[in-house]
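Remarks on the structure that follows.
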Amino acid sequence: MKDKIKLILTLLFLGIFIQISTVSASLASSTEGGVKIPVLMYHHIDDKVTNTMIVTPAKFKSDMLVLKKAGYATINFNDLTLALNGYRKLPARPIIITFDDGYYSNYKYAYPILRDLGMKAVINIVGWSVGRSKFIKNNNKFIPHFSWEEASEMIKSGVIEIQNHTYDLHSYEGKSAGYDKPCGVGLRPYTNEDYYEYRKRLVNDVIINNQEIYNHTGAVSTFVAYPYGAYTKVTEQALTEAGIDGTMTTKPAVRYYSGLKDLREIPRLTITMSQNGDNLIKAIESLPIDKVEKKK
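The letter at position 30 of the sequence shown is residue 872 when you use this note's numbering, and the numbering goes up by one with no holes.
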């Protein structure tokens, strides 16, 4: 009888344990701890490839099919944050697809391809350039960016998540590309900039873009992608204190995610035309492990 009671209690305990652990099963420990999630970075999509930041529509669709065939399932940063908080279970082989800048080609090509394949992606937008194809200060043309209406459509579909790529800090040192204001490279300070003015400038810029995203789409942005991958430790501290949950870099590496601290300085692999088929999977699976956050 005692053995029977012991067996029943053991089974009950196991049942409770399994029920509790299912939410975070995908974050279970491994040799590195947490779940390994590659983050890929795209920019513009066009049939004319003039630099490494451009891939063709056919190439992008091929990439997505290759990822699906390899067993990868796309998630976004909201999914990851919920999982790290214990509210969502991740797929067996999660991967995050990101686009920087907010080009119209993302809406024209990437969005329908992802929608038809049942996949997700994240687009990090530069606030001042939304819906524009000409510079504000001189009326010169640049590659068109999608509109707020198009952003809203993509968000409502559940296919696209919109995050922050700064409002007007996607510039080299000198004057900003949008409103011609003093700036450093990306989110770095400019030469001899006052420390406190620097912090105020970058935080205000990020807050303005988040407010614009919310006002036009109703979406809440909690991540920032650093233009050119340019930032400092002061940048990280200031954005953390301003309530930003995570940041994205351009460091080609991959990370194991086990807690919210791992959402800082997220590494990403830039995808170019040279990575095709098996070469794409090889490039992803041979990425060095990023352990920067594990040391904190």
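Glycine residues also receive a C-beta, built at the ideal position from the N, C-alpha and C atoms.
Because the structure is a prediction, the values reported are computed rather than measured.
Test: residue i CB closer than 9 Å to a CB of chain C
i: Gly1026; result: No chain C is present in this structure, which holds just one protein chain.
Residue i vs residue j beta-carbon contact at 9 Å
i: Leu1111; j: Pro880; result: yes
i: Asn1006; j: Asn966; result: yes
i: Arg1043; j: Thr1074; result: no
i: Ala963; j: Ile939; result: yes
i: Ser882; j: Ile1108; result: Sequence check: residue 882 is Leu here, not Ser. No. Outside cutoff.
i: Tyr789; j: Gly876; result: Since the first residue shown for the chain is 843 and the last is 1138, residue 789 is missing from the structure and cannot be characterised.
i: Leu908; j: Leu1122; result: Residue identity check: residue 908 is Val in the sequence provided, not Leu. In contact: Val908 and Leu1122 (Cβ atoms closer than 9 Å).
i: Arg930; j: Gly913; result: no
i: Ala1067; j: Thr1089; result: yes
i: Gly969; j: Glu1054; result: yes
i: Ala1095; j: Pro1069; result: no
i: His885; j: Phe941; result: yes
i: Asn948; j: Phe988; result: yes
i: Thr894; j: Thr1114; result: yes
Coil, strand or helix - residue i by DSSP
i: Leu882; result: strand
i: Val865; result: For Val865, the predicted model reports a pLDDT of 39, less than 50, meaning its position is unreliable and no value from the coordinates is stated.
i: Ala915; result: strand
i: Val891; result: coil
i: Lys848; result: Bear in mind that the predicted position of Lys848 carries a pLDDT of just 44, short of 50, making it too unreliable to give a figure here.
i: Thr1112; result: strand
i: Leu932; result: coil
i: Glu1078; result: helix
i: Ala1072; result: coil
i: Asn1121; result: helix
i: Asn920; result: helix
i: Ile1126; result: helix
Cross-strand partners of residue i (DSSP beta bridge)
i: Asn940; result: The sequence given here places Thr at residue 940; Asn does not occur at that position. Its beta-bridge partners are Met883, Val964.
i: Ile1086; result: The partner list for Ile1086 (beta bridge, DSSP) is empty, contrary to what the question assumes.
i: Ala1067; result: Met1090
i: Val877; result: Tyr1099
i: Thr898; result: Per DSSP, none; premise fails for Thr898.
i: Phe1131; result: Residue identity check: residue 1131 is Ile in the sequence provided, not Phe. In DSSP, Ile1131 forms a bridge with Val1096.
Cβ-Cβ separation, residue j to residue i (assumed contact under 8 Å), whole Å
i: Val1048; j: Tyr1056; result: Between Tyr1056 and Val1048 the Cβ distance is about 13 Å, and since that is not below 8 Å, they are no contact.
i: Tyr953; j: Val897; result: Not quite, the Cβ-Cβ distance comes to about 15 Å (not below 8 Å), so this is no contact.
i: Ile955; j: Lys903; result: 5 Å
i: Glu1015; j: Gly1026; result: 5 Å
Any non-hydrogen atom of the ligand ADP closer than 8 Å to residue i Cβ
i: Pro880; result: Annotation note on the ligand ADP: not contained in the displayed structure, which lists no ligands.
Which ranges does the alpha helix (DSSP H) cover as unbroken runs of at least 4 residues, wholly within the stretch 945-1006, from first to last along the chain? Here the runs fully enclosed are 953-959, 990-999.
Starting from the N-terminal side, write out each stretch of the alpha helix (DSSP H) that is 4 residues or longer and does not extend beyond the stretch 1002-1065. Qualifying alpha helix (DSSP H) stretches, in chain order: 1037-1059.
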